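Novice: Per our numbering, residue 2 is the first one in the sequence shown, and the count goes up by one each step.
For each residue, glycine too, the CB sits at the ideal point set by N, CA and C.
Quick caveat, the model's predicted, so the values are computed rather than measured.
What follows is a single structure, and I will ask about it in a moment.
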Amino acid sequence: MRPVLALLMQAFLRLDAPLVVSPAVALEVFHNFTLLHDDVMDNSPVRRGKPSVYAKYGLTPAILSGDAMLILAYQMLTEDVSPEMLV
């Protein structure tokens, strides 16, 4: 849903699609990172009607997968961005 809202705003504001697609995907990846870590913290056996990553693969894979998703999201947000924009 979050990426769809970003793309709808892109169309509404008439922005170039490449400016919005990568951040929209990054937002979804970031959200899924939070879900992985949330399942670990809550010891949740199920996510969206299926076994959670934590329940299926264990603590370490769930945490490291979430960490990798966080890194990927930040990489996607900072690619093709001038250093001045990051400060």
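Any chance you could list the alpha helix (DSSP H) runs of at least 4 consecutive residues sitting entirely within the region 14-78, in chain order?
Specialist: Secondary structure within the region 14-78: the alpha helix (DSSP H) runs of 4 or more consecutive residues, fully enclosed, are 18-43 and 54-58 (chain order).
Novice: Excluding the five sequence neighbours on either side, which residues of its own chain have a C-beta within less than 7 Å of the C-beta of A18, listed in chain order?
Specialist: Q11
Novice: Smallest Cα separation from M2: which of L20, L14 and N33?
Specialist: Nearest of L20, L14 and N33 to M2, Cα basis: N33.
Novice: Between the Cα of N44 and those of S23, A63, A74 and D68, spot the shortest distance and give me the residue it belongs to.
Specialist: A63
Novice: For L60, which option in L8, L9, D40 and A27 has the closest C-alpha, if you only look at C-alpha atoms?
Specialist: Answer by Cα proximity: D40.
Novice: Looking at the structure shown, is M10 part of a helix, part of a strand, or coil, going by DSSP?
Specialist: helix
Novice: Could you tell me the distance, in whole angstroms, from the CA atom of P4 to the CA atom of V21?
Specialist: 9 Å
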